[in-house]
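Numbering (the working numbering), first residue to last: 853 to 984. Inspection log for the structure reproduced underneath, given as C-alpha cells.
Structure below.
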C-alpha cells in the first residue's frame, strides 16, 4: 500500500466523520424548536376573562387617558413591533445556522464521494495496465 493510498483513506475517514458531525449538528439545531421568552408572573389574581380587577380606591390611573376600544397606544405598539422583530430575527438566525450545518455536511459527503471515485479510477487504471 502506497503513501497516497494511506493519505486517501485517512482523508476519506476525516471527511466522513466531519460530515456526519455536521449532519448531526444540523439535526440538533433543527430539533431545538422555537425559543419562547419566559412569561412574567404577577402576584395579583387575574380573572378568567384576562382583565385584572381595578381597585376604585387606588388612584393609579390618574394621569392615564383612556383609549378607545381596540386602540393601542404608540408606545405599546412600538414595543410589540420590536418584540416581533426580535423573534423573527431569532428564527432567521436559527434557520441559517441549520442551513450552514447542512451545507457543510453536503460538501463533506461530496468531497468524500470524489475521493472514492478517484480511488475507483486508480484501481481501474491498474487493472487496465495489467491486461496490456
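All residues carry an ideal CB built from backbone N, CA and C; glycine is no exception.
Starting from residue i, follow the alpha helix (DSSP H) in both directions and report where the run begins and ends.
i: residue 955; result: 926-982
i: residue 868; result: 855-883
Nearest to residue i by CA position, among the options, is which residue?
i: residue 876; options: 929, 958 and 978; result: 958
i: residue 951; options: 934, 937 and 880; result: 880
i: residue 945; options: 855, 981 and 884; result: 884
i: residue 947; options: 854, 878 and 874; result: 878
i: residue 874; options: 977, 853 and 956; result: 956
i: residue 882; options: 949, 935 and 936; result: 949
i: residue 853; options: 975, 925, 927 and 983; result: 975
request  = Evaluate the contact criterion for the segment 956-964 versus the segment 868-880: three or more CB pairs, one atom per stretch, below 8 Å.
outcome  = Counting C-beta pairs with one atom in each stretch, the segment 956-964 and the segment 868-880 have three or more that are closer than 8 Å, which means they touch.
query = Does the segment 964-984 come close enough to the segment 854-864 that 3 or more CB-CB pairs lie under 8 Å?
reply = The segment 854-864 makes contact with the segment 964-984; the number of CB pairs closer than 8 Å reaches 3 or more.
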